[in-house]
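Take a look at the structure below.
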Amino acid sequence: MEALIAIVIGVLTACGVYLALRGRTFPVVLGLTMMSYAVNLFLFVMGRLAIGTPPIIREGASYADPLPQALVLTAIVISFGMTAFVVILALRARAELGNDHVDGEETTS
Amino acid sequence: MSHLVIAPLLLPLLAGTALILLRGSDTVVRRGLSIAASLALVGVAIALFLQVANGDVMVYRLGDWPAPFGIVLVADRLAAVMLLITAVLAACVVLYAVRGGDHAGRYFHVLFQMLLFGLNGAFLTGDLFNLFVFFEVLLIASYGLLLHGGGRERTRAGLHYVVLNLVGSTLFLFAVGTLYGVLGTLNMADLAQRMSSVPPENLGLVRAAGMLLFVVFALKAALAPLYLWLPGAYGHTSAPVAAMFAIMTKVGAYAILRVHSLMFGPDAGPLAGLFDPWLLPLALLTVVAGTVGVLASRRLAQQAAYLVVISAGTLLTAFGMGGADAFAAGLYYLAHTTFAAAALFLLADVLFKARGTTQDRLVAGPNLPRGELLAGLFLFIALAVSGMPPLSGFIGKWLILQASLGEPGMPWVLGVLLVSSLLVIMALARSGTRLFFKIDEDTVASAPPRLGDLGPMLALAIASLGLVIYAGPLYEFGHAAAVQLVQPGGYLSAVLQPAAGGMPE
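Protein chains in written order, with the working numbering: chain A, 1334 to 1442; chain B, 509 to 1013.
Written out as structure tokens, the structure is:
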């Protein structure tokens, strides 16, 4: 299970980095979103993977760490807001600069 | 438990919320509220400053949960001095903004107060995840402020700034997650105590997380090679925003200082001095890069932005040398450079408006009405920025150079800082000549600058003079703050002492 999650996080991050390095705003936004998915998943599993255990400390019973869940909730809200903002910004850049290149001008290639 | 510690957070938060609710009301009301909140913040910052000046570390436990289970706000000397600098700068900037700069967008004052909320939170928090949250708060506000007014160049620079900082936030979260996964805590004092007992097989992970934090803070502090976003963003945004952003690079420098001295200080065992091999060389490289930028700038605002790069490099040079003397010199320089850079951005805006079509480009322009006054202000600010006696920049640089004596990196520090100062003097002298002495008869000046516009700049200049007059006591205070950083025992015991009520069941 750990290996699978690690691979998923790795693939998501790699795709995110690749897309964020592209020249147009839409892939960049997608890349940032993927990176934030990857980091949310990463934060979530930092409390270790545990199935069927309560997030409460009791004598003798094993428990799931509730803190990463709280952290990841905060991170999700923030990244959600940021994605919305960067989408609007990308649209505005498209309107003001006349194209959707991140530098605002078409490169000849 | 005094509630004074949380006041610098609540004040801008409540003011910002009230400003949202009052968005339909008169401009006068909104401006008045924003000014009142900013001035009150100065009062709160002074009160807090006086409380911690004797060396107490004030800890505020939210919900009265004991650390490390609850979230804490910690006010020590360093946090108090950062709060005070921010509050004074904010008061000057908001007084300039109400002269018309806030008109281009309806939410300027809301965003401004939220930026203060984020800044104060970042300085006060004692928890690594909360540092992330407050960074996001101040970044969200800064995105809005940066784009305030709109326009082609601003949008393009804003897009770069936002995307880079979003990547930085992702890295920050990876670092936080790794540290939590290995050490099981995010309270900075608790992290500091656990650093020395990291099992050897996990050292690599903690080191990686530490370096990720360094990259994130370096991006915020505009350390080479991560400074490239700064000239575009600062050089193209509106003047009040650029002036306020003079403190933003210092947040990164503050975070480096705090995290490094707490978590990777001498007591951290094999992890001690994690940033040391990187900080000083990169800081000197930043100074070099900034100097080249200052020489090549074509507009005064752009030149001011590159001067911010130099000041970030100089500041981190001081922090990179380590030791109480260098930290104290850095803190003095931090106060100076924040005020001087902000004043220069405001002056660039006044000139931009006064010089008609030549704007703030460094070319021959019209004969300015009230030119002597503007030229005098420029001379004053340029002397302060470039570090010429008798102003505060000189004392700041002199303290840093003195702290470098006896350090292994001394030749490099002396060489780079002195040559950079010389080149900055040349560049600013050239700018002054072109702006004020060379007259192009074909250009026409616009309306003369209103005297009220110059008030905030004068206030910042007076703050700079105050730094000279009270240099002795201020340096003593900076030294006391630095000693508190170098010997974090008081900080750790204040944060981690059990609360009066004992552990919650």
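Cβ coordinates follow ideal geometry from the N, Cα and C atoms, glycine included.
Next item on the list: Using the Cα positions of Ala583/B and Leu1004/B, report the straight-line distance between them to the nearest angstrom.
Entry: As a first step, residue 583/B must be located in the second sequence, where it is residue number 75. As a first step, residue 1004/B must be located in the second sequence, where it is residue number 496. Going from the Cα of Ala583/B to the Cα of Leu1004/B covers about 14 angstroms.
Next item on the list: Classify Ala665/B as buried or exposed, calling it buried when 16 or more other Cβ atoms lie within 10 Å of its own Cβ.
Entry: Here residue 665/B refers to the residue found at position 157 when the second sequence is read from its first residue. Counting Cβ neighbours within 10 Å, Ala665/B comes out buried, since at least 16 surround it.
Checklist line | Neighbourhood of Ser954/B by C-beta, 8 angstroms cutoff - its chain only, sequence neighbours within 5 removed | finding: Indexing the second sequence from 1 puts residue 954/B at position 446. Same-chain partners within the cutoff: Lys861, Ala862, Arg863, Gly864.
Next item on the list: Let me know the secondary structure DSSP gives Tyr568/B once reduced to three states.
Entry: Here residue 568/B refers to the residue found at position 60 when the second sequence is read from its first residue. Three-state result, Tyr568/B: strand.
Check: Which class does Ala911/B belong to by DSSP, given the choice of helix, strand or coil?
Finding: As a first step, residue 911/B must be located in the second sequence, where it is residue number 403. It is helical.
Next item on the list: State the start and end residues of the unbroken beta strand (DSSP E) segment that holds Val582/B.
Entry: The sequence position of residue 582/B within the second sequence is 74, counting from 1. It spans 580-583 - the beta strand (DSSP E) in which Val582/B sits, taken as one unbroken run.
Check: For the putative contact between Leu823/B and Ala732/B, defined by C-beta atoms under 8 angstroms, what is the C-beta separation to the nearest angstrom?
Finding: For the purposes of this step, residue 823/B is taken as the residue at position 315 of the second sequence. For the purposes of this step, residue 732/B is taken as the residue at position 224 of the second sequence. With 8 angstroms as the limit, Leu823/B and Ala732/B do not qualify as a contact, their Cβ atoms being about 13 angstroms apart.
Check: Since Phe682/B meets chain A, which of its residues come closer than 7 angstroms, beta carbon to beta carbon?
Finding: Locating residue 682/B in the second sequence gives position 174, counting from the first residue. Correct list: Val1372, Phe1375.
Next item on the list: Measure how close the beta-carbons of Val1435/A and Gly1356/A come, nearest whole angstrom, since I'm counting them as under 8 angstroms.
Entry: Stepping through the first sequence from its first residue, residue 1435/A is reached at position 102. Stepping through the first sequence from its first residue, residue 1356/A is reached at position 23. Rounded, the Cβ-Cβ distance is 6 angstroms, consistent with contact.
Check: Within 8 angstroms (strictly less), CB to CB, does Ser1369/A reach chain C?
Finding: This model lacks chain C altogether; the protein chains it does include are A and B.
Margin query: Going by DSSP, what residue range makes up the alpha helix (DSSP H) through Gln621/B?
Written below: Indexing the second sequence from 1 puts residue 621/B at position 113. 616-632 is the extent of the alpha helix (DSSP H) around Gln621/B.
Notebook entry, point to check: At a Cβ cut of 8 angstroms, what residues of the segment 1421-1439 of chain A count as close to chain B, listed as they run along the chain?
Noted result: Leu1422, Ala1423, Arg1425, Ala1426, Glu1429, Leu1430, Val1435, Asp1436, Gly1437
Item checked: Where Asn460/B sits in the DSSP three-state scheme -> This structure does not reach residue 460/B, given that chain B is present from 509 up to 1013, and the question cannot be answered.
Check: Using the C-alpha atoms, what's the distance from Gly997/B back to Gly563/B?
Finding: As a first step, residue 563/B is located in the second sequence; it is residue number 55 there, counting from the start. As a first step, residue 997/B is located in the second sequence; it is residue number 489 there, counting from the start. Approximately 12 angstroms, taken between the alpha carbons.
Margin query: Could you give the first and the last residue of the continuous alpha helix (DSSP H) run that contains Lys946/B?
Written below: Counting from 1 along the second sequence, the entry for residue 946/B is found at position 438. Careful: Lys946/B lies outside any alpha helix (DSSP H) and carries neither H nor E.
Margin query: For Ala697/B, which residues in the same chain have their Cβ closer than 6 angstroms to its Cβ, ignoring the five residues on either side in sequence?
Written below: For the purposes of this step, residue 697/B is identified with residue 189 of the second sequence, where counting begins at 1. Answer for Ala697/B: Leu1000, Val1003, Leu1004, listed in chain order.
Item checked: Proximity below 8 angstroms, CB of Ile908/B to CB of Ala837/B -> Position 400 of the second sequence, counting from 1, holds the residue named residue 908/B. Position 329 of the second sequence, counting from 1, holds the residue named residue 837/B. Yes. Within cutoff.
Next item on the list: Closer than 9 angstroms, Cβ to Cβ, to anything on chain B: give me those residues from the segment 1383-1400 of chain A, in chain order.
Entry: Asp1398, Leu1400
Next item on the list: Take every Cβ of the segment 601-608 of chain B, pair it with every Cβ of the segment 771-780 of chain B, and state whether three or more of those distances are shorter than 8 angstroms.
Entry: no
Notebook entry, point to check: Leaving out five residues before and five after Leu859/B in sequence, what residues of the same chain have Cβ atoms less than 7 angstroms from its Cβ?
Noted result: Looking up residue 859/B in the second sequence gives position 351. These residues qualify, in order along the chain: Leu808, Asp868, Leu882, Leu943.
Check: Of all the CB atoms in chain A, is at least one closer than 8 angstroms to the CB of Arg664/B?
Finding: As a first step, residue 664/B must be located in the second sequence, where it is residue number 156. Yes, Arg664/B lies at the interface with chain A (some Cβ there is under 8 angstroms from its Cβ).
Notebook entry, point to check: Where Pro708/B and Gly692/B are concerned, what is the direct C-alpha to C-alpha distance, given to the nearest angstrom?
Noted result: Looking up residue 708/B in the second sequence gives position 200. Looking up residue 692/B in the second sequence gives position 184. Near 16 angstroms, if we compare the C-alpha coordinates of Gly692/B and Pro708/B.
Item checked: Cβ-based burial, Ser972/B [other Cβ within 10 Å; buried from 16] -> Locating residue 972/B in the second sequence gives position 464, where the first residue counts as 1. Looking at its Cβ environment, which holds 16 or more other Cβ atoms inside 10 Å, Ser972/B is buried.
Note to self: Pairs of beta-carbons, one from the segment 954-968 of chain B and one from the segment 912-922 of chain B, closer than 8 angstroms: are there three or more?
What the structure shows: no
Notebook entry, point to check: Between Tyr604/B and the rest of its own chain, which residues show a CB-CB distance below 6 angstroms, the 5 nearest in sequence each way excluded?
Noted result: Counting from 1 along the second sequence, the entry for residue 604/B is found at position 96. Cβ neighbours of Tyr604/B beyond the five flanking positions: Pro748, Leu854, Pro964.
Checklist line | chain B contact residues for Ile1338/A, given Cβ-Cβ distances below 8 angstroms | finding: In the first sequence, residue 1338/A corresponds to position 5, counting from 1. Within chain B, no residue comes near Ile1338/A; the closest Cβ sits about 13 angstroms away, beyond 8 angstroms.
Notebook entry, point to check: For a contact meaning CB atoms closer than 7 angstroms, what does Met1415/A contact in chain B?
Noted result: Translated into the one-based positions of the first sequence, residue 1415/A becomes position 82. The contacting residues are Leu674.
Item checked: Under 7 angstroms from the C-beta of Leu1404/A: neighbouring residues of chain B -> For the purposes of this step, residue 1404/A is taken as the residue at position 71 of the first sequence. The answer, in chain order, is Phe637.
Notebook entry, point to check: Do Ala761/B and Ala820/B come within 8 angstroms of each other at the CB atom, strictly closer than that value?
Noted result: The residue labelled residue 820/B in the question sits at position 312 within the second sequence. The residue labelled residue 761/B in the question sits at position 253 within the second sequence. Yes; because the gap between Cβ atoms is below 8 angstroms, this pair is in contact.
Next item on the list: Identify which residue in Lys946/B, Gly629/B, Val567/B, Gly904/B has its Cα closest to the Cα of Ala843/B.
Entry: Within the second sequence, numbered from 1, the residue matching residue 843/B stands at position 335. Checking every option, the nearest Cα to that of Ala843/B belongs to Gly904/B.
Check: How many whole angstroms separate the CB atoms of Val671/B and Val1350/A, which I take to be in contact at a CB cut-off of 8 angstroms?
Finding: As a position in the second sequence, residue 671/B is number 163, starting the count at 1. As a position in the first sequence, residue 1350/A is number 17, starting the count at 1. That belief does not hold up - the Cβ atoms of Val671/B and Val1350/A are roughly 12 angstroms apart, past 8 angstroms.
Note to self: Suppose the cutoff is 8 angstroms on Cβ atoms and the five residues either side in sequence are ignored; what does the same chain contact list for His668/B look like?
What the structure shows: In the second sequence, counting from the first residue as 1, residue 668/B sits at position 160. If we look at His668/B and ignore the five residues flanking it on each side, its Cβ neighbours are Trp737, Gly740, Ala741.
Next item on the list: Consider the Cβ of Met1379/A: report whether some Cβ of chain B lies at a distance smaller than 8 angstroms.
Entry: Residue 1379/A sits at position 46 when you count from the first residue of the first sequence. Closer than 8 angstroms: yes.
Margin query: Under DSSP, the alpha helix (DSSP H) around Trp737/B begins and ends at which residues?
Written below: One-based indexing of the second sequence puts residue 737/B at position 229. First-last of the alpha helix (DSSP H) with Trp737/B: 737-744.
Check: Touching or not, the segment 527-539 of chain B and the segment 565-575 of chain B, by the rule of three or more beta carbon pairs under 8 angstroms?
Finding: no
Notebook entry, point to check: Quick one: Cα of Leu734/B to Cα of Ala791/B, how far?
Noted result: Taking the first residue of the second sequence as 1, we reach residue 734/B at position 226. Taking the first residue of the second sequence as 1, we reach residue 791/B at position 283. Each residue's Cα considered, the two are about 11 angstroms apart.
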